[in-house]
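Asks: Chains as they are written, first to last, in our numbering: chain U, 285 to 384; chain X, -9 to 391.
Glycine included, every Cβ here is placed at the ideal spot set by N, Cα and C.
Keep in mind the model is a prediction, meaning the values are calculated, not measured.
The structure that follows is given in the form of structure tokens.
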Amino acid sequence: MALKGWKELEPGVVILEPGNTIEYKSGTWRTFRPVIDMEKCIHCMICWIYCPDSCIMVKDSKLVGFDYEHCKGCGICAHECPKEAITMIEEAKAKAEEAK
Amino acid sequence: MVEAMVKKPIVKALEGDKAVTEAIRQINPDVMAAYPVTPQTEIVMEFAELVAEGLVDTEYIRVESEHAAMSSCIGAASAGARAMTATCGPGLALMWETLWVTSGLRCPIVMAVVNRSLSAPLNILTDQTDMMGSRDSGWVQIYAENHQEVYDNFIQAVRIAEHPDVMLPIMCGHAGFVLGHTLGRVEVLPDEVVRKFVGEYKPLYSILDIEHPKTIGAYDHWDYFFEHRRQLFEAINNVLRVIPEIAQEYGKISGRYYGLVESYRLDDAEVAILIIGSGAGACREAVDAMRQKGVKAGMLKVRCFRPFPADEIVKALKGKKAVAAMDRCECFGGEGGPLFIEACSAFFNRGLPMKMIDYFYGLGGRDTVPSEFCDIFRELFQIAETDKIKPPLVRYLAVRE
């Protein structure tokens, strides 16, 4: 995203384009990340209801994963999951694993 | 009709606070959110009566604090309403956080500030410490010398704040008790003339415009915070152009013309006093007294302190042999008060010499009388004759040792 100069910005701190937070990768400072055990998941959507950042990705009424670009790792999904299908793992370890 | 009105004005005896209430009544804003605090109480008390009697269409919000008052005004302005409030001293101090939100969000809120000291010692009387303390918060600041200016400033403030090149909040200061609680002669305009002058408020955005959803007041990182602040520097500097424009328009309907500064017997003056607010009244008398003795003294009153009218001040005082800046506020630890510091810097930055001294005066409601201003003029002539300032540079007027 190219940064705008002060003359290009709307006066005042206003965002006129609804939903543009999606362009801003706000999930970069997570300490823990949620991971799902699909064997246990019953797609009840309770995590989808509770997630404060709309990071539960859903396709055809099924949970398909997490939006890690915006998830802050708060752990509410894991706490609320009635089947204990979501585990919070250390982000640093997960990143190290991914790098392998 | 307007011509006739100028020739035959409506004259009322009003307290300074009542002059504000009268102006707000005529403007008939959408929202007023305020908390009573001495010596501003009369404004909100009497305006609440007008609301109760159905004489205005204003939504009156009774809040639990000044912080809430300004927050309510911000919400109202963001919804597209013309919002106003009034406060003084400690109330303004409690608002401090939200002052910056108001200017940052570009809410053109108009606020009367009945200038009061800040505790401790506990004191309810006037000085300008309250407004001077918030001088860098992105608010436009204008000060009244007398009752007429209290009224005239407040009406013009609406147009200054809401000017498309400005869209910033504005404080209109007047001295507590000295102006606020005393009766003065005020020429008021007919209601319809005021309403036509202020016109209808056109907000930049409205959160109630559901066809166009928007976010107001979102978080900025280091990536955008500075750019948004840069816009504020630009907007407030535009005020130096806008105030004289609005003043011209106001002059046409009222017969009273205002500028960023006002000179009094200054053209041929050799020395001058630079002052803000009600103290200018006594200073005028001192100028007259000196002139009667054949001494060429003059005065420059600063009406608008934010933005600082440096060019106008330099233009008016250039060539004077000595000038005393009068600061009616505390500025602990600074090299003088804000008026002195900024006036000095205005001359320095233009490469012009100026012999200038600073007086802190009138704190906590202490009266400053013409004879004291005469003493200052004598001191200035001493400086002019010797071409030397005997230390200290910064003095405290009429303080017992």
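When the Cα of F316 of chain U is compared with those of U:Y352, U:P336, U:M341 and U:P295, which residue comes out closest?
Replies: The residue you call residue 316 of chain U lines up with position 32 of the first sequence. Comparing Cα-Cα distances from F316 of chain U to each of U:Y352, U:P336, U:M341 and U:P295, the minimum goes to U:Y352.
Asks: Buried or exposed: D142 of chain X, going by 16 or more other Cβ atoms within 10 Å of its Cβ?
Replies: Stepping through the second sequence from its first residue, residue 142 of chain X is reached at position 152. Buried: at least 16 other Cβ atoms inside 10 Å.
Asks: For A333 of chain X, I'd like the list of residues in its chain whose CB is within less than 7 Å of its CB, leaving aside the five on either flank, ordered along the chain.
Replies: In the second sequence, residue 333 of chain X corresponds to position 343, counting from 1. Within the same chain, A333 of chain X has close Cβ partners L264, I303, A315 and M346.
Asks: With DSSP run on the structure shown, which of helix, strand or coil describes H218 of chain X?
Replies: Reading the second sequence from its first residue, position 228 is the one you call residue 218 of chain X. Helix.
Asks: With DSSP collapsed to three states, give me the class of V53 of chain X.
Replies: Your numbering for residue 53 of chain X matches position 63 in the second sequence. V53 of chain X: coil per DSSP, three-state reduction.
Asks: Within 9 Å (strictly less), CB to CB, does P203 of chain X reach chain U?
Replies: Working through the second sequence from its first residue, we reach residue 203 of chain X at position 213. It does: the Cβ of P203 of chain X has a partner Cβ on chain U nearer than 9 Å.
Asks: Taking D213 of chain X as the query, report the chain U residues whose CB atoms sit under 9 Å from its CB, ordered along the chain.
Replies: If you number the second sequence from 1, residue 213 of chain X lands on position 223. By Cβ distance, chain U contributes L287.
Asks: Would you report the Cα separation of L383 of chain X and G327 of chain X, rounded to the nearest angstrom?
Replies: As a working note, residue 383 of chain X is residue 393 in the second sequence. As a working note, residue 327 of chain X is residue 337 in the second sequence. C-alpha separation (whole angstroms): 11 Å.
Asks: Quick check on V176 of chain X: does DSSP put it in helix, strand or coil?
Replies: Residue mapping note: residue 176 of chain X aligns to position 186 of the second sequence, counting from 1. Strand, per DSSP.
Asks: Could I get the ranges of all uninterrupted beta strand (DSSP E) runs contained in the stretch 237 to 280 of chain X, with 3 residues as the minimum, in chain order?
Replies: Segments of the beta strand (DSSP E) lying fully in the stretch 237 to 280 of chain X: 251 to 254 and 261 to 265.
Asks: In whole angstroms, what is the alpha-carbon distance linking K308 of chain X and V41 of chain X?
Replies: If you number the second sequence from 1, residue 308 of chain X lands on position 318. If you number the second sequence from 1, residue 41 of chain X lands on position 51. Spanning the two alpha carbons is a distance of roughly 49 Å.
Asks: Please determine, among X:G123, X:V91 and X:G65, the residue with the shortest C-alpha to C-alpha distance to I197 of chain X.
Replies: The residue labelled residue 197 of chain X in the question sits at position 207 within the second sequence. The option with the nearest alpha carbon to I197 of chain X is X:G65.
Asks: Can I33 of chain X and A102 of chain X be called in contact, C-beta distance under 9 Å?
Replies: Translated into the one-based positions of the second sequence, residue 33 of chain X becomes position 43. Translated into the one-based positions of the second sequence, residue 102 of chain X becomes position 112. Cβ atoms of I33 of chain X and A102 of chain X: closer than 9 Å.
Asks: Applying the 10 Å Cβ sphere with the 16-neighbour rule, what's the burial state of F350 of chain U?
Replies: The count along the first sequence starts at 1 and reaches residue 350 of chain U at position 66. It counts as buried.
Asks: Near A38 of chain X, what residues of its chain come up, given a Cβ to Cβ distance below 7 Å and the 5 sequence neighbours on each side ignored?
Replies: Here residue 38 of chain X is taken as the residue at index 48 of the second sequence, counted from 1. Counting only Cβ-Cβ distances below 7 Å, and skipping sequence neighbours, we find Y50.
Asks: How would you label L290 of chain X, buried or exposed, when you count the other beta carbons within 10 angstroms and need 16 or more for buried?
Replies: Start at 1 with the first residue of the second sequence, and residue 290 of chain X comes out as number 300. It is buried - the Cβ of L290 of chain X has at least 16 other Cβ atoms within 10 Å.
Asks: Any chance the CB of T75 of chain X is under 8 Å from a heavy atom of the ligand ZN?
Replies: The ligand ZN is not part of this structure, which contains no ligands at all.
Asks: Mark Q146 of chain X as exposed unless 16 or more other C-beta atoms lie within 10 angstroms of its C-beta, in which case mark it buried.
Replies: By 1-based counting over the second sequence, the position of residue 146 of chain X is 156. Label assigned to Q146 of chain X: buried.
Asks: Cα-Cα, which of U:K288, U:V319 and U:G296 is closest to K379 of chain U?
Replies: Along the first sequence, one-based indexing puts residue 379 of chain U at 95. When each option's Cα is compared against that of K379 of chain U, the closest is U:V319.
Asks: Beta-carbon separation of K311 of chain X and V261 of chain X under 9 Å?
Replies: Within the second sequence, numbered from 1, the residue matching residue 311 of chain X stands at position 321. Within the second sequence, numbered from 1, the residue matching residue 261 of chain X stands at position 271. Yes, they are a contact pair.
Asks: With 16 as the cutoff for other CB atoms within 10 Å, does K378 of chain X come out buried or exposed?
Replies: Stepping through the second sequence from its first residue, residue 378 of chain X is reached at position 388. Burial call: exposed.
Asks: Contact criterion: CB-CB distance below 9 Å. Does I366 of chain X meet it with respect to chain U?
Replies: Here the question's residue 366 of chain X lines up with position 376 in the second sequence. No, no contact with chain U.
Asks: Where DSSP assigns a beta bridge to Y386 of chain X, which residues make up the other side?
Replies: Taking the second sequence and counting its residues from 1, the one referred to as residue 386 of chain X is at position 396. Note: Y386 of chain X sits in a beta bridge opposite X:F350.
Asks: At a CB distance below 7 Å, what residues from the stretch 150 to 175 of chain X approach chain U? Give them in sequence order.
Replies: So the close ones are M157.
Asks: Specify the secondary structure class of R15 of chain X as computed by DSSP and reduced to three states.
Replies: As a working mapping, residue 15 of chain X is identified with position 25 in the second sequence. Of the three classes helix, strand and coil, the one that applies to R15 of chain X here is helix, per DSSP.
Asks: According to DSSP, what are the bridge partners of G288 of chain X?
Replies: Counting from one through the second sequence, the residue named residue 288 of chain X turns up at place 298. Bridge partners of G288 of chain X: X:A262.
Asks: Would you call the stretch 337 to 345 of chain X and the stretch 131 to 140 of chain X touching, i.e. three or more CB-CB distances under 8 Å?
Replies: Cβ pair count under 8 Å is below three, so no.
Asks: So, is the C-beta of G311 of chain U closer than 9 Å to a C-beta in chain X?
Replies: As a working note, residue 311 of chain U is residue 27 in the first sequence. It does not: the Cβ of G311 of chain U has no partner Cβ on chain X nearer than 9 Å.
Asks: Any beta-carbon of chain X closer than 9 Å to the one on I306 of chain U?
Replies: Translated into positions along the first sequence, residue 306 of chain U becomes position 22. Not closer than 9 Å to any Cβ of chain X, the Cβ of I306 of chain U fails to qualify, so no.
Asks: Thinking just about the alpha-carbon of each residue, which of X:Y133, X:F367 and X:G355 is nearest to the one in F167 of chain X?
Replies: Mapped onto the second sequence, residue 167 of chain X falls at position 177. Of the candidates X:Y133, X:F367 and X:G355, the one whose C-alpha sits nearest the C-alpha of F167 of chain X is X:G355.
Asks: Does the Cβ of I366 of chain X have 16 or more other Cβ atoms within 10 Å, making it buried, or fewer, making it exposed?
Replies: The residue labelled residue 366 of chain X in the question sits at position 376 within the second sequence. Buried.
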